[in-house]
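Here the structure is laid out as structure tokens; the discussion comes afterwards.
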Amino acid sequence: MKQKTILVIEDNALNMKLVQAILSPCGHKSLAAEDAESGLRMAREQRPDIVLMDIQLPAMDGLEATRIIKADPDLKDVPVIALTSYAMKEDRQKSFAAGCDGYISKPLHPKHFLEKLSAFGVGEAKDQ
Ligand code: MN
Numbered sequence: 018m019k020q021k022t023i024l025v026i027e028d029n030a031l032n033m034k035l036v037q038a039i040l041s042p043c044g045h046k047s048l049a050a051e052d053a054e055s056g057l058r059m060a061r062e063q064r065p066d067i068v069l070m071d072i073q074l075p076a077m078d079g080l081e082a083t084r085i086i087k088a089d090p091d092l093k094d095v096p097v098i099a100l101t102s103y104a105m106k107e108d109r110q111k112s113f114a115a116g117c118d119g120y121i122s123k124p125l126h127p128k129h130f131l132e133k134l135s136a137f138g139v140g141e142a143k144d145q
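In the numbering used here, each residue's number is its place in the sequence shown (first place is 1) plus 17.
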């Protein structure tokens with residue numbers, strides 16, 4: 018499996034660290050954005066293979082950011098996986114309605130997280 022570039026848009030520093038700690042041993046490159054605006058800018062400039070999108074973000078939320086990605090002809094095919102709080106079940110439905118291709122519930126469990134990602138072609142990067 019090839020190395021992927023994974024854009025993580027997450028305002029919670031602990032969650033961001035956890036995601037990076039899970040991804041980096043797998044050999045993937047992660048890009049970190051703390052808010053939707055900078056995340057969208059990075060998406061346009063760096064063309065990630067996949068976007069992990071926190072739904073609850075300051076200012077613009079992850080739903081709106083996903084709609085913008087899915088309305089952009091250059092970005093619409095990039096899978097967006099929502100990171101939603103386990104308690105917020107309605108967030109999942111809203112995520113799919115906004116165009117997200119999948120979701121992962123928080124709190125994040127490394128094994129479950131990697132299983133979800135593998136469904137989107139993100140596994141161990143062997144040929145780095
Ligand atoms: Mn958040």
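Backbone N, C-alpha and C fix where the C-beta goes; we use that ideal spot for every residue, glycine too.
- Between the ligand MN and the CB of Glu-81, the shortest heavy atom gap is not smaller than 8 Å.
- Not one heavy atom of the ligand MN falls within 8 Å of the beta-carbon of Gln-37.
- Listed in chain order, the non-local C-beta contacts of Leu-125 below 8 Å within the same chain comprise Asn-32, Leu-35, Val-36, Ile-39 and Leu-100, local neighbours out to five positions each way being set aside.
- The C-alpha of Leu-57 is placed about 22 Å away from the C-alpha of Gln-110.
- Every residue whose beta carbon comes nearer than 7 Å to a heavy atom of the ligand MN appears here in chain order: Glu-27, Asp-28, Asn-29, Asp-71, Gln-73 and Leu-74.
- Taking C-alpha positions only, Ala-136 is separated from Ala-76 by approximately 30 Å.
- Ala-88 sits in coil when the DSSP states are folded into three classes, being neither helix nor strand.
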